[in-house]
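Here the sequence shown stands for residues 2 to 298, numbered as in the numbering used here. Here is the structure we will look at, set down as C-alpha cells.
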Amino acid sequence: MTVTFNKHNKINVQKALEGSESYKNLNAEEWHQFVQHYNYDDGIGPMQWMIEQKIIDKGTVLCLYWHLQPDYYQTQETRNPNNPEFKLIMDIEEKYTTGFYEREQFSFNPADQFNTDHTIPPFIPGEMLEKTLGIPFDPINLSLAYLRTPNGKESNTIQKKIDEAIKIIQITNPDFTPVDCDQTIQEIANTVEYWKDKDQGKMKIKTLYYLFDDCVQQKHGWNWMVWDWETGSSIGVSHPSRKWSSIGDNIILHTNNGLKPTSFIVDFFNDLADLEGNFKDKPNPYFGIGLLMITNL
C-alpha cells in the first residue's frame with residue numbers, strides 16, 4: 002500500500018507552514034508532513050493543539066515527539082517541569098503510552114531518523130523507541146514552483162512596493178532616503194522594532210521585504226525573480242547561481258512577531274554576502290526563515 006498525497010495536499014501543507022492557512026484544517030496525511038517540515042524554532046503552539054486530537058496518527062505523534070528532542074530534555078540535568086517543551090514531551094508520553102491515539106496508519110521508526118544508539122535517558126518510556134505499524138511516509142518535497150525573471154508588469158509592481166516600503170520607514174523617520182544599503186537595512190530593522198506590539202492599522206509591515214530584497218540585489222548581486230506556483234506567484238531575489246532564494250517576507254514577519262530579534266534582519270543581510278563561506282562548517286540559521294535552498298531547478 003502507498004499513501005496518496007497529491008499537489009492539493011502539498012499546497013495545503015505549504016500554506017499551513019507559511020501561516021496563511023490554519024494547520025487545524027489539515028487531514029491526517031497532511032499533518033504527518035506538517036510535523037516533518039515544521040520549523041520548531043517557530044514555537045510549539047501547533048504541537049500543543051495537535052497532541053490533544055485523538056484522530057492524530059500514532060506515527061505522526063511519535064515523529065513529533067522525537068523532533069522535540071526528548072533525549073535532551075529527559076536527562077537528569079535538563080528535566081524541568083516549568084519548561085514548555087518538557088511539559089509537552091511529558092504530555093505526549095502520557096497519552097501515547099495509555100492508548101489515547103488509536104489510529105496507526107503511518108510507520109515511523111525513531112532509529113531511522115534520530116540517533117537512538119547512544120545512551121537513552123532512563124526516563125524515556127521504551128514504547129517511545131519502538132517503530133509504529135503502517136506505511137512509511139517520509140518527508141516529501143513540497144515545492145511546486147519554478148523560477149523565472151519578472152515581466153514588465155511585475156517589475157512595475159516591485160518598484161511600487163519599494164516606494165511603499167520607503168514611506169513606511171518615513172512614518173517614524175521622515176528624513177529617510179535609501180542611499181546606502183547598510184543604512185537602509187538598519188532602518189528596516191528599526192522600523193520593525195518600532196511597530197512591534199503596536200496597532201499597525203492598514204499598514205502592511207511585510208512590504209518592507211521589497212526594500213530588503215532591493216538592497217540584496219544592489220549590494221550582493223542577487224537577481225529579482227518570480228516563483229510561479231500552481232495557485233499564484235511570489236516575488237523575491239535569488240542568488241546568481243540560482244541555488245538560493247531569499248524569503249524576505251518571512252524575515253520581516255518573524256521579527257515583527259517577536260519570534261526572532263530584529264537584529265536577525267541585519268545579520269541575515271550581512272551573511273548573504275558569502276553564504277557558503279559563512280556556514281561551511283556550521284548550521285545555517287536562516288533555512289526556512291529567510292532562506293530557501295533551490296533543489297528542483
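Just so it is clear, CB atoms sit at the ideal spot from N, CA and C, and this is done for glycine as well.
Span of the alpha helix (DSSP H), counted from its first residue to its last, around residue i
{"i": "S156", "result": "G153 to T173"}
{"i": "F87", "result": "P85 to T98"}
{"i": "I266", "result": "S264 to D272"}
{"i": "M51", "result": "G46 to M51"}
{"i": "Q37", "result": "A29 to H38"}
{"i": "L63", "result": "K59 to H68"}
{"i": "P286", "result": "From DSSP, P286 is part of no alpha helix (DSSP H); its letter is neither H nor E."}
{"i": "P71", "result": "P71 to Y74"}
is_contact[residue i, chain B] using C-beta, thresh 9 Å
{"i": "T133", "result": "This model lacks chain B altogether, as it is built from one protein chain only."}
Where residue i falls: helix, strand or coil (DSSP)
{"i": "V180", "result": "coil"}
{"i": "K281", "result": "coil"}
{"i": "S239", "result": "strand"}
{"i": "F213", "result": "helix"}
{"i": "Y102", "result": "coil"}
{"i": "D198", "result": "coil"}
{"i": "E19", "result": "helix"}
{"i": "M129", "result": "helix"}
{"i": "N260", "result": "Going by the sequence as given, residue 260 is Leu instead of Asn. Three-state DSSP puts L260 in coil, outside helix and strand."}
{"i": "K25", "result": "helix"}
{"i": "Q114", "result": "helix"}
{"i": "I56", "result": "coil"}
{"i": "N142", "result": "coil"}
{"i": "N13", "result": "helix"}
{"i": "K207", "result": "helix"}
{"i": "N251", "result": "helix"}
Beta-bridge pairing of residue i - partner residues as DSSP gives them
{"i": "P137", "result": "S108"}
{"i": "N224", "result": "S239"}
{"i": "F6", "result": "Note: F6 sits in no beta bridge, so no partner."}
Residue j beta carbon less than 9 Å from that of residue i
{"i": "H38", "j": "V14", "result": "yes"}
{"i": "K11", "j": "L143", "result": "yes"}
{"i": "L209", "j": "I169", "result": "yes"}
{"i": "I236", "j": "I189", "result": "no"}
{"i": "F107", "j": "V238", "result": "no"}
{"i": "M51", "j": "Y24", "result": "yes"}
{"i": "T256", "j": "N191", "result": "no"}
{"i": "S246", "j": "H240", "result": "yes"}
{"i": "L254", "j": "G20", "result": "yes"}
{"i": "N251", "j": "G289", "result": "yes"}
Is there contact between the segment 174–191 and the segment 37–45, where contact requires at least three CB pairs shorter than 8 Å? Verdict: no, contact absent.
The segment 152–161 touching the segment 211–228, judged by at least three CB pairs closer than 8 Å
Yes, since at least three Cβ pairs between the segment 152–161 and the segment 211–228 fall closer than 8 Å, the two stretches touch.
* To do: Determine contact between the segment 122–134 and the segment 57–73, defined as no fewer than three beta-carbon pairs at a distance below 8 Å.
  => Three or more Cβ pairs closer than 8 Å define a contact, and the segment 122–134 meets that threshold against the segment 57–73.
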